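Below is one structure, written out as structure tokens; comments come after it.
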Amino acid sequence: MPDSLQTQTQTVLDLARIRSEFPSLGKDCVFFDNAGGSQVLKRVADRIHAYLLSTSVQIGASYQASQQASEKVLAARRSVAELMNAAHDEEIVMGGSSTGLMFLLTQAILPGIFPGDEIIITNSDHESNIGAWMRLQKAGAIIKIWEVNDDFTLPLDQLDRLLSPRTKWVAMTHASNVLGTVNPVAEVAARAHAAGARLCVDGVAYAAHRLVDVQASGADMYVFSFYKVYGPHYAVLWGKREFLLSLPTLNHDFIGADDLPYKLQPGNVNFELSYGCIGISDYFIQIGTELGAQGGNRQRMQLAFEHFAQHEDKLSSKLLAFLRDKSSVRIIGFDHVKNSNRMPTISFVVEGKQSEEIVRFLDKHNIGIRFGDFYARRLIETLNLLPHGGVVRVSLAHYNTEQEVDLLIEKLELALLA
Ligand SMILES: Cc1ncc(COP(=O)(O)O)c(C=O)c1O
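Take this note's numbering: the last position of the sequence shown gets the number 451, and nothing is skipped along the way.
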């Protein structure tokens, strides 16, 4: 937990105010499937609507609407660069999904992979940051697997043993979408770089809960999806400028190697969704400002996230305390919140029950959670959770209330007895 979290975050989040930003909340159900996809900000939807009804033209022409459209798309890139703390706007590559962007990235990397090159992946990632790397085996790459420990962490000493002078890439997740564990990416970056390798980080399960800072992360590439961060079904891949410049173009032949990010965005990006994403940063900045933050936009966003984290920790602690108390329940992840060491993504299995039974029971009470492997299939297999049909996953966000968690606990109590 940053020091400022203990010192500055005294005010309780005004949840009525927060929830007024999300018109879909509380309509039909209590929503605890945020790691699947969060609710969308009204200001994001408004921007998409406004874009489509005012400047839905091709960018880059000299007429006025096209000039305005170009400026909106550039403004979106600036806004996302600020949200991620990118050093240069052109380091921001936008695309339809994190999975799609990972495939694009590895396509661009492919010509530089030679037989015997080594790539380290983890067994706790979403398949998005595994499958694309596995395909590089066709070019002779050797895949090594960094395995999660019994304590749900990725041990750094094991990484040290896996790294070699042949390691080209390490691919890992910033936070597990099943375990909720936050991984020490800056430590990993330092070790990978010392071995001459690069680091690619999947921040999808992290970005809704902590302010992304790609420079502090030490990563060379960083990806996340906006639909998990209060935005639309759309995603971003950030990469260090010098590295992106070294990649071949994935676009038409005549698009130059220095034409960033265009050379890595074949075809058009989605203009209206890009423009909508400005609403995400706007929201964080506005909430930070209302909480009394001063200084630049990043400081304002940071204060908003510190409050979100504190609130989420409180909700997680309550749910974890309930689950710890049940002898039939096995929590799959850290069972306590300590120093913000986990996301509010809480998975568990129940002895003698299929995970699906618990979820279907809660469906009847209009509480939206889910079960399965969440495409972290290798993790679920390794932890031998297939016999349960995967885990039950409750994933909270900062807009969830204590009353909602109380209701969930009340109904879970019944589900365990059923
Ligand atoms: C941790 C993580 N990484 C990647 C993804 C894939 O994101 P997308 O649907 O944008 O490809 C998900 C989706 O659930 C995820 O949870």
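Glycine included, each C-beta is placed from N, C-alpha and C at the ideal position. Computed from a predicted model, the values in this text were never measured in an experiment.
Of the heavy atoms belonging to ligand 1, at least one sits nearer than 7 Å to the Cβ of N210.
In this chain, the alpha helix (DSSP H) harbouring C310 covers 304-323. Not one heavy atom of ligand 1 lies closer than 7 Å to the C-beta of F185. By the criterion of a C-beta distance shorter than 7 Å, R403 is surrounded in its chain by D66, G69, V392, R426, once the five residues flanking it on both sides are discounted. Ligand 1 has a heavy atom closer than 7 Å to the beta-carbon of D235. The count of Cβ pairs closer than 8 Å, one atom from the segment 336-348 and one from the segment 88-108, stays below three, leaving the stretches out of contact. Taking C-alpha positions only, G401 is separated from L395 by approximately 7 Å. Under the Cβ criterion (8 Å, minimum of three pairs), the segment 207-225 counts as touching the segment 371-391. Scanning its chain for C-beta atoms nearer than 6 Å, with the 5 sequence neighbours on each side dropped, one finds around F355 the residues I442, in chain order.
Placement of the Cβ of S197 at a distance of 7 Å or more from every heavy atom of ligand 1 is found. Every beta strand (DSSP E) of 3 residues or more that sits fully in the segment 346-381 is shown, in chain order, as 362-364.
Nearest to D47 by alpha-carbon distance, out of V218, L324, I413, is L324. Of G423, T434, K444, L412, the smallest CA-CA separation from N182 is found for L412. It is roughly 16 Å from the alpha-carbon of A228 to the alpha-carbon of I176. Cβ-Cβ distances below 6 Å link L244 to M334, Q335, F338 in the same chain, with the five nearest sequence neighbours on each side left out; the list follows chain order. Closer than 7 Å to some heavy atom of ligand 1: that describes the Cβ of S131. Here the segment 137-151 makes no contact with the segment 112-119; the two share fewer than three CB pairs at distances below 8 Å. Our two residues, A268 and N374, have alpha carbons roughly 25 Å apart in a direct line. R274 has its alpha-carbon roughly 43 Å from the corresponding atom of G422. In this structure the segment 127-136 touches the segment 150-170; the number of beta carbon pairs closer than 8 Å is three or more. DSSP links F257 through a beta bridge to V269. Boundaries cannot be given for A240, as no beta strand (DSSP E) includes it and DSSP labels it neither H nor E. Collapsing the DSSP output to three states places A208 in a strand. Proximity of the beta carbon of S99 to ligand 1 is not indicated: no heavy atom of the ligand is located closer than 7 Å.
Rounded to whole angstroms, D292 and M254 show a C-alpha spacing of 18 Å.
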